[in-house]
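Report on one structure; see the data block that follows.
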């Protein structure tokens, strides 16, 4: 009896690959000339490593390299094969990007047209003992998408290219935050599997709970070299239990159920621990599969109530208030991502107090390591199917490609404890209703069949333990507008696009799954790629790194009465970063004050995929923007915020923990000037039950200012603090010399201690302006007179002193 033999054809497995341009508008001398390639990889990164192109992210290189997406490419490797006694050999490609023809020793194995699925080719007859040649030829993705559109017709879409004609990462063709760098390549591992008799095809271990017991239903799909061999023994080991079944030759699927008494349940962070159990599946001694599961249940409640339609995710029957962010591919060239980069970025979510990441539908089904880390850290995953901001044909061959990719994705990801929602699409139902698609569609199908028929059926079949939602936003009633605040999930984009961020308070959404506001990346990130002289928001290279329609105009208009216009580029950078942070925090504080009517918020967006002005909280170089620090405050488990209501000001206290929150709230009305004089003070009891919220009226004695331009409210309870200002900063009298700063070296960097002599509002330190590798631990710190705060900087050398533009505050913008 022989066992499964795996021969990797990846670069780290010893394979040597080349890539060469076949035809297109490639520079002279490149056509037909092979250069070294990396597999897994992408043609852009191969060309960059070979010195054939400049950095696509730098300056205006993006447009200069547009020819790459209109060029066809050949990847080639040679390998030696020796017979190993097995009867079947297969080439397994986990990811080919995208339209490819695969040839072994001159024999065509097959053609592919989907980046989002894996492929398996029988090469038993094509493989020879000795030297073999594997060639994979890729069509230029931009050209091919346009060719398909010319043949089958145009389906409405956003952005420049008809990305919806191909099953390829939509944002790879450019987005309003991402570069147009349409890639090709062998982007996931590729290998030869040689076997006899029987092997494991797929394993879906679905872990659930029944009372105190854990129940693992393991569905194993088998592949047989022939149907005349002997029986096979399938064994599942988990949590100290072993289940075995014997099946006859040719049996395609087998299901085994394992029960673990007194199982430790998996919980999202903030609600419990994340125990994970190893699972081993074996077929005789021929093949083995290993994975991990967490025992939990997830439900989604969208049953109508007196206020409309809720959107409540519950884990182990416990409602979870969602504090989340949307996740885009973490690099425009996704093959550069590593387990370390994934962990760093997901840790950004953890450190900000988040408990959910939504994998957005214009990206990819992420690398397995992404979900593994979310399992470990207790981050719930909302997984979109990959449809975004477009109508999609339901004709062949696209329908079959969508079905194959959905089965692939659900089968691969269903085991993960963190997986909480399958979502049919991003904004396509909304687009069909409101974005003027119906006339150009001329009654053609637009994707509805995927979202309401095909995808929910596949989820019900392959992952029945995970809820399915047809789309985001969606109201869970076909007769209600899909973006109705009273029903289901909502995207709020009139803020940013059209109206002032105070409009957030006009909404009472049940659940907000997208909303956000733009701001530039860190100064060092921005200036690493933008080289306009002088630096200007409307400079030629700056506009390359501002993808949003009228983005700079919206940044300017978004200041409203909140902050003054900028005097120079340094002020532009600080003002727009500050306004971004304030706008998003304003919305989240309002949403949380509506609890339990509102059950969560998922901000757009956590991360960037290159250096760009965008909605991200963490920029393309991994630097946490002021927005990230604002999110850390408003996503805290316990939040105090002052909110206006019809009868006056209230202190909203949201306690998203399992312990009661008790103590005292002290509200002080203070002067903005020197000494921050206390003009009035009231103290009252705070008592908030676990996982609940209260509203407490602010006493009139402190709520009514004598001079609204020179007074503010300071609200404290233990370590929680909130502030209220009676006027905007443009009318607020802030001292220009409200603080002093001192610098002290430390073993890993330096400390900057700021001491306030008057109200010092939104203090921020930007050490990357001195050293791009330096990072700071805090930001947006407000101090009353006599208070001090120490910023700790890691990396870099301590300067003798700090001031503008390294140390900033709102004070220096209005003076």
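Numbering (our numbering), first residue to last: 29 to 843. Where a beta carbon is used, it is the ideal one built from N, C-alpha and C, also for glycine.
Next on the checklist: I need the straight-line Cα distance from residue 495 to residue 487, nearest angstrom please.
Outcome noted: 8 Å
Next on the checklist: So residue 388 and residue 343 are supposed to be a Cβ contact under 8 Å. How far apart are they, rounded?
Outcome noted: Incorrect: roughly 22 Å between the Cβ atoms, too far for contact.
Item to check | Local conformation of residue 390 per DSSP, three classes | outcome: When DSSP states are grouped into helix, strand and coil, residue 390 belongs to the coil group.
Checklist entry - So what does DSSP say about residue 410, is it helix, strand or coil? => result strand
Checklist entry - In its own chain, which residues sit with a C-beta less than 6 Å from the C-beta of residue 29, not counting the 5 before and 5 after it? => result Low per-residue confidence applies at residue 29: pLDDT is 44, beneath 50, and the placement is therefore not dependable, though the value from the model is reported in the following sentence. Excluding positions up to five away in sequence, the list is empty.
Checklist entry - Taking C-beta to C-beta, are residue 188 and residue 202 nearer than 8 Å? => result yes
Checklist entry - Over what stretch of residues does the alpha helix (DSSP H) that includes residue 209 continue unbroken? => result Residue 209 -> no alpha helix (DSSP H), and no H or E assigned at all.
Item to check | Short Cβ contact (8 Å threshold) for residue 304 with residue 403 | outcome: Contact flag set, yes.
Checklist entry - Do residue 609 and residue 655 have their C-beta atoms closer together than 8 Å? => result yes
Item to check | Same chain only: Cβ atoms within 8 Å of residue 660, ignoring 5 sequence neighbours per side | outcome: A distance below 8 Å between beta-carbons, with the five flanking residues on each side excluded, links residue 660 to the following residues of its chain, in chain order: 379, 380, 381.
Checklist entry - Are the beta-carbon atoms belonging to residue 500 and residue 183 less than 8 Å from one another? => result no
Checklist entry - Hey, would you say residue 248 sits closer than 8 Å to residue 281, going by beta carbons? => result yes
Item to check | Coil, strand or helix - residue 90 by DSSP | outcome: helix
Checklist entry - Which residues share a DSSP beta bridge with residue 158? => result According to DSSP, residue pairing for residue 158 in a beta bridge involves 109.
Next on the checklist: For the beta strand (DSSP E) containing residue 362, name the first residue and the last one.
Outcome noted: Residue 362 -> no beta strand (DSSP E), and no H or E assigned at all.
Item to check | Start-end ranges of the alpha helix (DSSP H) lying completely within the segment 477-514, minimum 4 residues | outcome: Listed in chain order, the complete alpha helix (DSSP H) runs (minimum 4 residues) inside the segment 477-514 are 483-490.
Next on the checklist: Please classify residue 581 as buried or exposed, where buried requires at least 16 other C-beta atoms within 10 Å of its C-beta.
Outcome noted: exposed
Checklist entry - Rounded to a whole number of angstroms, what is the C-alpha to C-alpha distance between residue 734 and residue 666? => result 31 Å
Next on the checklist: At the level of alpha carbons, what is the spacing between residue 266 and residue 286?
Outcome noted: 8 Å
Checklist entry - Where residue 755 and residue 810 are concerned, what is the direct C-alpha to C-alpha distance, given to the nearest angstrom? => result 16 Å
Item to check | As assigned by DSSP and simplified to three states, the class of residue 905 | outcome: Examination of residue 905 is not possible in this model, given that the chain is present from 29 through 843 alone.
Checklist entry - Start and end of the beta strand (DSSP E) containing residue 689? => result Note, residue 689: beta strand (DSSP E), 689-699.
Checklist entry - If residue 8 sits next to residue 339, beta carbons under 8 Å apart, how far is it from one beta carbon to the other, in whole angstroms? => result Residue 8 is absent from the model: the chain starts at 29 and stops at 843.
Item to check | Reduced DSSP secondary structure (H/G/I, E/B, other) of residue 355 | outcome: strand
Checklist entry - What is the residue span of the alpha helix (DSSP H) that residue 553 lies within? => result 551-555
Checklist entry - Is it true that the CB of residue 678 sits closer than 8 Å to the CB of residue 579? => result Taking a C-beta distance under 8 Å as the contact criterion, residue 579 and residue 678 do not qualify as a contact pair.
Next on the checklist: Could you give the first and the last residue of the continuous alpha helix (DSSP H) run that contains residue 710?
Outcome noted: Note, residue 710: premise wrong, no alpha helix (DSSP H); beta strand (DSSP E) at 706-716.
Item to check | Residue span of the alpha helix (DSSP H) that contains residue 628, given as start and end | outcome: Looking at the DSSP string, residue 628 is not in any alpha helix (DSSP H); the run it does join, the beta strand (DSSP E), is 628-631.
Next on the checklist: Contact defined as beta carbons within less than 8 Å: I believe residue 831 pairs with residue 801. What is the distance between those atoms, to the nearest angstrom?
Outcome noted: So it is not a contact: roughly 21 Å between Cβ atoms.
Item to check | Own chain partners of residue 738 with C-beta closer than 7 Å, once the 5 adjacent residues on each side are dropped | outcome: 699, 700, 701, 761
Next on the checklist: Pull the bridge partners of residue 201 from the DSSP assignment, please.
Outcome noted: 208
Checklist entry - Ends of the beta strand (DSSP E) at residue 789? => result 788-793
Next on the checklist: Rounded to the nearest angstrom, what separates residue 752 and residue 731 at their Cα positions?
Outcome noted: 10 Å
Checklist entry - By a C-beta neighbour count over all protein chains shown, 10 Å radius and 16 as the cutoff for buried, is residue 526 buried or exposed? => result Classification of residue 526: exposed, given that the 10 Å Cβ count is below 16.
Next on the checklist: Can you give me the C-alpha to C-alpha distance between residue 460 and residue 489, rounded to a whole angstrom?
Outcome noted: 28 Å
Checklist entry - Exposed or buried, which one is residue 145 when buried takes at least 16 other CB atoms within 10 Å? => result buried
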